[in-house]
Every structure is written in C-alpha cells, then in structure tokens.
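Under our numbering, the residues of the sequence shown are numbered 18 to 448, in order.
Worksheet for the structure shown next.
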Amino acid sequence: MKLRCPRCQKALQIADKYAGRAIRCPACNRAFTVPKLQTALRSGGAGDDLDLERLAALEKQAGEMEGEELKAAQEAAIAAAQKAASKGDPNVRICPSCQKPTQAKDPYTEVLCSNCWNPIPALVKAGGPSPRRQSGPSSVALFYSGIGSAMAYPIPAIASLMNAAGIAVGAGLVPVAIFTSLTYLMQQSAAGTEAAEQTGDLSTASLMLMGIFALEVFFFSAVAIHTFLDVVRATTVGQEAPPNLSWSPAQWGKSVVAYLVLNVYFAVMLSIVVFLTMGKTPVEFVMETNATDLLEKGGAGFFVGLLIISLGVPMNLVGIALGSVSQGINPVNVAKGIARTHVHYLFLVVILVVYGILFGGAFWAIVHDWFIPKISQMSAGSKEGNLLQVGLALVAWGAVMAFYFYGMYVLARLHGLFARAFRKNLEFGAQ
C-alpha cells in the first residue's frame, strides 16, 4: 500500500503485512500505525481514496502509544523483515532506513548501518530477553573501558603490518638489487683493467634509496589515511576486528582527497588566525616569522586561536569518516558535536594527547636512535661497496613503517570508540 507519513508527509510504500501495525517513518523517525486494509480502502472498486478520518487520527494514536508497546511492535515488525532478508546469510542485516545490507556478527545486538549510520534494531528471540544495544549508557561505558585495550587492537592485523614492512623493504630492495647487479656486470666486463681492481662504489644506490624513501612516505601516508578512516567506521558500527591495510589506489583515493581538503581547511583557518593576531599574510608568516615573533607579536591570541583549531581536529576526522568532507569541516557541525559530548570529548582529546606523546616519543626514538644511524652507516658503507649496510637500512625502514601503521591503528580505534558511544550526538552522516 502507499501512504504518507502524518508528520513529514513523506510518501511511503508499505507492505500489506504491516497493516494495523506500528512502524517508524525513515525520514522523520516518528512512529505511527499503518491503517488496516479493511478500513483504509472503501468497499468499492480499485482507485478509491484512503479513509481520511483514519489518517487524521494517526498522529494522535502514535502519540498516545506507550513507549514499551511501541518498542515491542516496532521490533517485532523489523524482526520479521530481518529474518526474511537474512535467510541466505545470518550475519547480514538490512537497514530499515536505507535498505542497505550491513555485516553484523551477532544478529541479536543493535548495530549502526554502515551506509546511513542509523541504528539497525536487533532481532528479537521469541520469549527471549530484550536485545542488547550498542547505544546509550552501555556504549558509553564501552568507550571508557575500551581505551585500555586500544593498545592491543592492531594485534589481529599484525600480518598486515608485517606485509607493510615487507613492501617497504621490497620497494627499495628491488631497484638496489638491479643497480648492484649492473655494477657487478660492469666490473666483470672490465676484468684485467685498473677499474676492475677498484672497490665497488654503491653511493648511487644510497641516493636512490633516499629518493625511494621519499616516494614511500607519500604512498604509505595515503594508505594510512584510508585505513585510519576505515578503522573509525568499522569500530563505530560495532566491528571489533581491525580491517587490513588497503593497497589499492582505487579504494583510498577518496580518503586522500578528503585529507588534502582537510589540510587546505587547516591552512585557511591558520591564515585567518595569523592575520587577526599578527597582521601578516601566510607568505609573510612563513618567510619572516620566528619563535620570538610568535611570542612578541602573536601573543596569547595566536596560541588561543591555534588551540581552538587543534581542539576540533578529532571531531573533523570523525566527521569525515562517518559523513562527507563538507560535513567534517563544517564548523557548525563540529561545534555542535563538541557541545553535545562536552566532557567526554575533552577526555578523548586528553587521551589522544597522551597516546600521541607516547607514540611520538617512541617513533622519534626509533627514527633518531636507530634508523638515522643506519642511514649514516649506509652512506659510509655504500662508498666501500658494503651491500650489507644498505640492506640493514632497508630493514630499519620497514620496521619504522610497521610501527607507524601500528600507532595509526591505535589512534583511529580511540576515535571509533568515541563515535560508537556518542553517534546520536554527532551531526555527521545521514540524519
């Protein structure tokens, strides 16, 4: 049957089996009762009008329904649809709002739709207990209790991290091996000459590796950005297993665009702060400003503006993951999300700062105390033809990349736990 929501007037197409039962409008989320067929149609032929008196009473009837009665009626209707839709795969849930499938390990747990981010009610066992929900006070508790285990979250994806390290090593090893082989062949072709007695010089391989490292930083950053957003989405909808790293540019292209737009947004916001507090253009700020100028000319205003911009970064990232780029950088959406979650969001920021300091310090120690010395040894050894030093530098680079991705998983997990607990308070995704 076809009818309109009594509240928002959205045209709806409802299956006949829901006649006389309570449903919820997917547009305005308001509950109402579907008219019964014998009262919705006149006894005449097809094409007769709906019973207007019956429709006029829908709004009043919906408002008078008790909360528990409405909840039970809605869950029973959705349970029937879910059972019919998931006969092929019990782990597939159909969203009642957008009709798109979503993977869920437990059919008796409420999850969020991975497409429109609206709740998908749990299936109800006949005579069984009430379904477990992932929103509300219990999910808030999961946010705080999940912080402690966030450090171990990437462990199931350790194979993917090792694969990343292998790709980092292989990307440098292949061209170095080719170059070394060519150098060896050139020495053999000059056998018996003075050049053949000279030690092989691999200094060009050292320069080649530095260029490869620079390209890998760009490539791995794209992979990390996409995986970060993917982890936030997966955690938000209730998935506990970390997604593997994605190496296909076709998959992470949109994430890279979002990241670039976010950086442009931050640059514009910083330019506004610099102009208002120091009266300088971005070019003048970069070319002329030093630490003394920031303290003397910028003053407290500059640092307050910088603090405000930085405070919204986690909410920006959550917004891009759950919605679109325009939603993620919308100051109104960001401000509303922060205001509605207030203390919880500030706690998230503090935790991110603590974890960021821990990972930043560890990353700096690995790079400064291990990787850079290996690079120095590589530069010295390459001039003496020592291929082992070049290989050790590659292994060190692979370890650095694996640790980089590990930290990214943990920080993304924290964002996802927050989004899972307070999804209904955020202005991102389909509303």
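Ideal Cβ positions, reconstructed from N, Cα and C, are used throughout, including at glycine.
Practice problem: State the Cα-Cα distance for the pair Arg41 and Lys441, rounded to the nearest angstrom. | Solution: 17 Å
Quiz item: What residue does the beta strand (DSSP E) around Phe49 start on, and which one ends it?
Solution: Start and end: 48-50.
Quiz item: Do you know whose CA, among Tyr362, Gly373, Tyr423, lies nearest Phe435's CA?
Solution: Tyr362
Self-check item: DSSP-derived helix/strand/coil call for Pro331
Solution: helix
Quiz item: Can we say the segment 325-332 touches the segment 361-376, given the rule of at least three CB pairs closer than 8 Å?
Solution: yes
Practice problem: Report the three-state DSSP secondary structure of Val254 (helix, strand or coil). | Solution: coil
Quiz item: Looking only at C-alpha atoms, which of Gln26, Phe292, Thr50 sits nearest to Lys34?
Solution: Thr50
Quiz prompt | Extent of the continuous beta strand (DSSP E) to which Ala39 belongs | solution = 39-41
Exercise. Consult DSSP for Leu29 and reduce its assignment to one of helix, strand or coil.
Key: Leu29: strand per DSSP, three-state reduction.
Practice problem: Round the Cβ separation of Ile326 and Leu279 to the nearest angstrom and send it over; I've been treating them as touching at under 8 Å. | Solution: Their Cβ separation, rounded to whole angstroms, is 12 Å, which puts Ile326 and Leu279 out of contact at 8 Å.
Quiz item: If you run the structure through DSSP and keep just helix, strand and coil, what is Lys19?
Solution: strand
Quiz item: Near Met179, which residues of its chain fall below 7 Å by C-beta distance, leaving aside the five closest residues on each side in sequence?
Solution: Ala419
Quiz item: Is Leu323 closer than 8 Å to Thr253 when the C-beta atoms are compared?
Solution: no
Quiz item: To which residues of the same chain is Tyr170 closer than 8 Å at the C-beta, ignoring the five residues directly before and after it?
Solution: Result list for Tyr170: Pro259, Tyr426, Val427, Arg430, in chain order.
Self-check item: Exposed unless 16 or more other CB atoms sit within 10 angstroms - verdict on Ile137
Solution: Label assigned to Ile137: buried.
Quiz item: Whose CA, out of Val367, Trp414, Val366, lies closest to the CA of His385?
Solution: When C-alpha distances from His385 are compared across Val367, Trp414, Val366, the shortest belongs to Trp414.
Exercise. Just the C-alpha distance for Gly153 and Val109, rounded to the nearest angstrom, thanks.
Key: Because the pLDDT of Gly153 is 47, which lies under 50, any placement of that residue in the model is unreliable, and the number read from its coordinates should be weighed accordingly. Their backbone Cα atoms lie some 23 Å apart in a straight line.
Quiz item: Which of the three DSSP states, helix, strand or coil, is assigned to Arg430?
Solution: helix
Practice problem: Kindly indicate which three-state DSSP category Pro348 falls into: helix, strand or coil? | Solution: helix
Quiz item: Run through DSSP, which three-state label would Thr358 get?
Solution: helix
Self-check item: Cα-Cα separation between Asn347 and Ala356, rounded to whole angstroms
Solution: 14 Å
Quiz prompt | For Cys115 and Gly354, the rounded distance between their alpha carbons | solution = 24 Å
Quiz item: Hey, how far is the Cα of Gly424 from the Cα of Ile172?
Solution: The alpha-carbon atoms of Gly424 and Ile172 are separated by roughly 11 Å.
Quiz prompt | Helix, strand or coil at Thr294 according to DSSP, with G and I counted as helix | solution = helix
Self-check item: Buried or exposed (CB count within 10 angstroms, at least 16 for buried), Ser177
Solution: Buried, since its Cβ has 16 or more Cβ neighbours within 10 Å.
Practice problem: Could you tell me the distance, in whole angstroms, from the CA atom of Pro52 to the CA atom of Cys112? | Solution: Rounded to whole angstroms, Pro52 to Cys112 spans 23 Å at the Cα level.
Exercise. Measure the CB-CB distance between Phe320 and Met295 and report whether it falls below 8 Å.
Key: no
Quiz item: Would you call the CB atoms of Asn350 and Phe245 closer than 8 Å?
Solution: no
Quiz item: How big is the Cα-Cα spacing for Gln344 and Phe236?
Solution: 26 Å
Quiz item: Rounded to the nearest angstrom, how far is the Cβ of Glu233 from that of Ala185, given a contact under 8 Å?
Solution: 6 Å
Quiz item: In or out: Ser272 buried (at least 16 other Cβ within 10 Å) or exposed?
Solution: buried
Quiz item: Which residue from Met168, Arg38, Gly163 puts its Cα closest to that of Ser376?
Solution: The question names Ser, yet the displayed sequence has Phe at residue 376. Nearest C-alpha to Phe376: Met168.
Exercise. Please say whether Ile383 and Phe412 have beta carbons closer to each other than 8 Å?
Key: Checking the displayed sequence, the identity of residue 412 turns out to be Val instead of Phe. Going by C-beta atoms, Val412 is not nearer than 8 Å to Ile383.
Practice problem: Below 8 Å on the Cβ atoms is my guess for Ala32 versus Ala39; work out the distance and round it to an integer in Å. | Solution: That pair is no contact at about 14 Å.
Self-check item: Whether Val249 touches Gly373 by CB criterion (8 Å)
Solution: no
Quiz item: Buried or exposed: Ile289, going by 16 or more other Cβ atoms within 10 Å of its Cβ?
Solution: exposed
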